[in-house]
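Step one of this worksheet: look at the structure below.
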Amino acid sequence: QGPKTYASPAAVGVDLEERRQRPFLRLAQRYFTETEAKMLENEEKVAEKFFDMWTKKEAWLKTLGTGLSGGLASLDTVAGGDIETTSQDLRDPDLRYVVSTLTDTPLA
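Numbering (this note's numbering), first residue to last: 450 to 557.
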């Protein structure tokens with residue numbers, strides 16, 4: 450079976466990150482909410498959780514069209530899993546979004 454194609458009438462944001470060593474806790478303290486940074490400090494798999502949180506935040510900001518200047522702390526990812534959200538900044542304020550992380554998806 451070939452690649453799948455999806456269409457959406459709404460804005461879609463995607464973020465891909467190369468999983469490499471970074472100063473995860475320092476980045477979280479600078480860019481995440483206080484609750485997220487504290488949660489990450491107690492996390493056993495810091496890198497995995499950091500990338501889960503970071504990619505959701507960056508994809509959300511791309512959906513809004515703001516990029517990083519929109520503020521990584523504008524989406525709280527403490528709950529984990531899929532995050533349902535809306536935004537007053539978009540053309541349709543009643544439109545609901547789901548922010549998810551996809552992992553281990555083969556490209557071929």
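The beta carbon of each residue, even a glycine, is placed where N, CA and C say it ideally should be.
| Query | Result |
| --- | --- |
| Residue burial classification, A508 (beta-carbon count within 10 angstroms, cutoff 16) | buried |
| For R469, the nearest candidate out of V548, D501 and A496 (CA to CA) | A496 |
| Residue closest to G519, alpha-carbon to alpha-carbon, out of T526, A528, V527 and K506 | K506 |
| Cβ shell of M502 (< 7 Å), same chain only, five flanking positions each side left out | F481, E485 and T526 |
| Three-state secondary structure assigned by DSSP to D464 | coil |
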